[in-house]
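Protein chains in written order, with full-length UniProt numbering: chain L, 1 to 331; chain H, 1 to 331. What follows is a short report on a single structure.
Protein chains: 2
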Amino acid sequence: MALDEFELIARYFRTARLERAGEASATVLGIGDDAAVLQPAAGQQLVVSTDTLVEGVHFPKEGPAAELGYRALAVAVSDLAAMAASPLGFTLALTLPQATPCWLQAFSSGLADAARDAGINLIGGDTTRGPLNIGVTVLGQVPAGQALTRSGARPGDLLCVGGNLGDGAAGLDVVLGNQLPVGLPMAAQDYLYQRFWRPMPQLALGQRLRGVASAGLDVSDGLLADAAHIASASGVRLLINGPQLPMSDALRSWSERQRLDWMLRGGDDYVLLFTLPRAARRWLEQWRAAGLAVSVIGEVQGGKGVQLDLGLGPQNVDGPAGYQHFRSTDD
Amino acid sequence: MALDEFELIARYFRTARLERAGEASATVLGIGDDAAVLQPAAGQQLVVSTDTLVEGVHFPKEGPAAELGYRALAVAVSDLAAMAASPLGFTLALTLPQATPCWLQAFSSGLADAARDAGINLIGGDTTRGPLNIGVTVLGQVPAGQALTRSGARPGDLLCVGGNLGDGAAGLDVVLGNQLPVGLPMAAQDYLYQRFWRPMPQLALGQRLRGVASAGLDVSDGLLADAAHIASASGVRLLINGPQLPMSDALRSWSERQRLDWMLRGGDDYVLLFTLPRAARRWLEQWRAAGLAVSVIGEVQGGKGVQLDLGLGPQNVDGPAGYQHFRSTDD
Chain L
1 MALDEFELIA RYFRTARLER AGEASATVLG IGDDAAVLQP AAGQQLVVST DTLVEGVHFP
61 KEGPAAELGY RALAVAVSDL AAMAASPLGF TLALTLPQAT PCWLQAFSSG LADAARDAGI
121 NLIGGDTTRG PLNIGVTVLG QVPAGQALTR SGARPGDLLC VGGNLGDGAA GLDVVLGNQL
181 PVGLPMAAQD YLYQRFWRPM PQLALGQRLR GVASAGLDVS DGLLADAAHI ASASGVRLLI
241 NGPQLPMSDA LRSWSERQRL DWMLRGGDDY VLLFTLPRAA RRWLEQWRAA GLAVSVIGEV
301 QGGKGVQLDL GLGPQNVDGP AGYQHFRSTD D
Chain H
1 MALDEFELIA RYFRTARLER AGEASATVLG IGDDAAVLQP AAGQQLVVST DTLVEGVHFP
61 KEGPAAELGY RALAVAVSDL AAMAASPLGF TLALTLPQAT PCWLQAFSSG LADAARDAGI
121 NLIGGDTTRG PLNIGVTVLG QVPAGQALTR SGARPGDLLC VGGNLGDGAA GLDVVLGNQL
181 PVGLPMAAQD YLYQRFWRPM PQLALGQRLR GVASAGLDVS DGLLADAAHI ASASGVRLLI
241 NGPQLPMSDA LRSWSERQRL DWMLRGGDDY VLLFTLPRAA RRWLEQWRAA GLAVSVIGEV
301 QGGKGVQLDL GLGPQNVDGP AGYQHFRSTD D
């Protein structure tokens, strides 16, 4: 029985063509040996990040398998985008209670969609029986010295965001089947459902930020919490201008209070938050002309912490600001 | 509560000095950003492997935390040894039911022991609440084209092993508290307990095999099963000479039948199994002179599969040959 199950799993991951999702492959040796071998390009540094998705913590229990597959990889790839890296490959550590063909087929097809969208190849993995646990390690490369870190923001820089805020949190409400506003269009529900399950890592934007942005990360914990990460690592204060926060039309059916809470604290948006020296301001127009939805939402100041201006002057932001781990999504 | 738990975990992993276990660090940017940044040396290829340890599958339930920490990393590093790679760094994806200071301190100290022994730095990780699941991804480097794969064995090559066989399986018996032979010395029990919980990845041997051995891997599934992997990947037959299999003195208290079963099918030994062209035979003496316990245990022939000669001529080896996943260790 054991062998059959493994063959089954190997079959699903092979037929999903996960090993050839990237355009130009850096894979010298892929799945099937003790380890994978990759050839990074000359002059590049290696970027590595590991993410774990656990049922009931990072996604609702019994989430649809295809969406789990997509989300697990997309969330990890977002960390490569946040470092201004290009994808090299990923490994999958999959622990699952049983090898159900139907579940595996759906999971691997969602994973393959995410791999194709990001242009990243599956290079290795490990499958084990146990409570559902999805571990993804992504590898990328970036020209030496050009990784985008959290620590380079300087007073005077502009604070920018690469897309709409709040969609991830609103999407979770839709996914959980919570009570939705009367009159919420079906198209908006669909859009938000996708925004939760199929985040879009901003690889193209991240790569354009190389050598231009002074600091950056992806918004996964919520805008305020992630802004605090940059403020702390850079030793600066970030001032966020509330009225400038970009929001999708899909959020308009909710109260202003709810929308603002999601935009500030929701998390799961996976858009890039970055700081831009004013001298590099001209890039904003070029990025917009290239179809990238970048918005200026504040500025970097001397000091520490995060301030929020909702139109009544800057207020310090204190207390629980974002998503906390060790919390069940259905608490 | 959530934040405190995270700070606690970060504290244990920092005080264990896991970030500076390697001698010369390739880490450009370690823990604390969206991803780690590494600088592989020029002319090197990257080697990547992921391993998951699940309670009740890879180790007995309620295993001692320090030993779990050691074993989780050592088993993963063994894959680097099997590829002839040098360690660059590792990430830890730790899912645990609760953040108990006592457990975390013990786990991180065992992990730190393994990191020091292997000379590998912790470069990143992710900690989540959920059923215990330990995921380790190791990164290494090897001069371009010199990774040791499973597919290069040629008829006429010698089949060699880098250390004793059967200790891992006997060690599991000791760890599980199974009935032990009357008169088994306490020193032998201690030795075998260590051999299960603290495997010794053969990094030094692996690196000496670069450009010399024709194929290789680490014995994790059992000698017969792992020999079959080389035979299959290389398109050859491996003949194993039973009387030549190296065994530690600690196994002498068990019956010959039990010892042989463990040496052939036991797994968990994490010694290297490799094939050596006869023209490279002179290296064996040099390695032995350097303190490496290499043994010739057979040869590579034309054909397919694995044959075993226990003194009565070669017999084909069929059927379940090694450790199977999706099996509880206490079945």
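From the three backbone atoms N, C-alpha and C, an ideal C-beta is built for every residue, glycine too.
Below-7 angstroms beta-carbon distance, residue i vs any chain L residue
i	result
leucine 217/H	yes
tyrosine 323/H	With a pLDDT of only 40 at tyrosine 323/H, under 50, the local geometry of the prediction cannot be trusted, and the value read off the model is given with reservation. Chain L contact via Cβ: absent.
leucine 18/H	no
methionine 83/H	yes
glycine 124/H	yes
proline 131/H	yes
valine 174/H	no
aspartate 269/H	no
threonine 27/H	no
threonine 100/H	no
residue 336/H	No answer is possible for residue 336/H: it lies beyond the span of chain H, which begins at 1 and ends at 331.
isoleucine 9/H	no
threonine 86/H	The sequence given here places serine at residue 86/H; threonine does not occur at that position. Not one chain L Cβ lies under 7 angstroms of serine 86/H.
Residue from the options with nearest C-alpha to residue i
i	options	result
valine 54/L	Leu205/L, Val182/L, Leu68/L, Ala74/L	Leu68/L
leucine 80/L	Ala227/H, Arg198/H, Val37/H	Val37/H
aspartate 113/L	Ser220/L, His58/L, Arg20/L, Trp262/L	Arg20/L
leucine 224/H	Pro60/H, Gln207/H, Ser214/H, Gly242/H	Gly242/H
alanine 65/L	Ala187/L, Ser220/L, Gln258/L, Pro101/L	Pro101/L
cysteine 160/H	Val75/H, Asp51/H, Ile297/H	Ile297/H
tryptophan 103/L	Trp197/L, Leu276/L, Tyr12/L, Ser253/L	Tyr12/L
glutamine 315/H	Ser295/H, Met247/H, Val142/H, Arg237/H	Arg237/H
glycine 125/H	Val136/H, Asp117/H, Pro131/H	Val136/H
alanine 42/L	Pro143/L, Ala233/L, Tyr270/L	Pro143/L
arginine 259/H	Gly166/H, Gly311/H, Arg208/H, Phe107/H	Gly166/H
glutamine 244/H	Thr95/H, Ser220/H, Met263/H	Met263/H
residue 348/H	Ala293/L, Gly30/L, Ser253/L, Leu96/L	Lying outside 1 to 331, the shown extent of chain H, residue 348/H is not represented and no answer is given.
glutamine 202/L	Val77/L, Val57/L, Ala72/L, Lys61/L	Val77/L
leucine 272/L	Ser109/L, Ala280/L, Leu205/L	Leu205/L
proline 246/L	Ala293/L, Gly63/L, Ala93/L	Ala293/L
CB contact check: residue i to chain H, cutoff 7 angstroms
i	result
aspartate 330/L	At aspartate 330/L the pLDDT is 34, less than 50, meaning the model places this residue with poor confidence and gives no usable figure here.
alanine 290/L	no
arginine 14/L	no
leucine 46/L	yes
glutamine 179/L	no
valine 57/L	yes
phenylalanine 326/L	Per-residue confidence for phenylalanine 326/L stands at a pLDDT of 34, beneath the threshold of 50, marking its modelled position as unreliable; the derived number appears in the next sentence. It does: the Cβ of phenylalanine 326/L has a partner Cβ on chain H nearer than 7 angstroms.
aspartate 221/L	no
asparagine 121/L	no
glycine 266/L	no
valine 77/L	no
aspartate 261/L	no
threonine 50/L	yes
Presumed contact (8 angstroms Cβ cut-off) between residue i and residue j, rounded CB distance
i	j	result
glycine 267/H	glycine 168/H	6 angstroms
glycine 302/L	valine 317/L	So it is not a contact: roughly 17 angstroms between Cβ atoms.
valine 300/L	glycine 211/L	The Cβ separation is near 18 angstroms, so there is no contact.
alanine 82/L	aspartate 34/H	4 angstroms
valine 48/H	proline 199/H	Not really, about 20 angstroms apart at Cβ, beyond 8 angstroms.
glutamine 307/H	leucine 239/H	5 angstroms
glutamine 39/H	valine 28/H	5 angstroms
Span of the beta strand (DSSP E) around residue i
i	result
glycine 86/H	Checking the sequence, you will find serine at residue 86/H rather than glycine. Per DSSP, serine 86/H belongs to the beta strand (DSSP E) from 86 to 96.
glycine 222/L	Looking at the DSSP string, glycine 222/L is not in any beta strand (DSSP E), and its letter there is neither H nor E.
arginine 278/L	From DSSP, arginine 278/L is part of no beta strand (DSSP E); its letter is neither H nor E.
arginine 129/L	122 to 129
isoleucine 240/H	237 to 241
glutamate 62/H	Neither: glutamate 62/H is in no beta strand (DSSP E) and is coded neither H nor E.
proline 314/L	314 to 316
N-terminal and C-terminal residue of the alpha helix (DSSP H) that residue i is part of
i	result
valine 77/L	65 to 82
glycine 171/H	167 to 176
glutamate 256/H	256 to 265
glutamine 202/L	Here glutamine 202/L belongs to no alpha helix (DSSP H), and DSSP marks it neither H nor E.
glycine 101/H	The sequence shown places proline at residue 101/H, rather than the glycine named in the question. Run containing proline 101/H: 101 to 118, per the alpha helix (DSSP H) assignment.
heavy atom of the ligand ATP below 6 angstroms from residue i C-beta
i	result
leucine 260/H	Although the ligand ATP was asked about, the structure shown includes no ligands whatsoever.
Beta-carbon neighbours of residue i, restricted to chain B and to distances below 9 angstroms
i	result
valine 54/H	No chain B appears in the structure shown, which is made up of the protein chains L and H.
Next item on the list: May I ask you to list, following chain order, the residues of the stretch 146 to 162 of chain L that have a beta carbon less than 9 angstroms from some beta carbon of chain H?
Entry: So the close ones are Ala147, Leu148, Thr149, Arg150, Ser151.
Next item on the list: Could you please tell me which residues of the stretch 223 to 255 of chain L, in chain order, have their CB closer than 8 angstroms to any CB of chain H?
Entry: Taking 8 angstroms as the cut-off between beta carbons, the residues of the stretch 223 to 255 of chain L near chain H are Ala233, in sequence order.
Item checked: Residues within the stretch 61 to 75 of chain H neighbouring chain L, beta-carbon criterion of under 7 angstroms -> If the cut-off is 7 angstroms between Cβ atoms, the stretch 61 to 75 of chain H has nothing near chain L.
Next item on the list: Mind checking the stretch 32 to 43 of chain L against chain H and listing, in chain order, the residues whose C-beta falls within less than 7 angstroms of any C-beta there?
Entry: Listed by position, the residues of the stretch 32 to 43 of chain L near chain H (Cβ gap below 7 angstroms) are Asp33, Asp34, Ala35, Ala36, Val37, Leu38, Gln39, Pro40.
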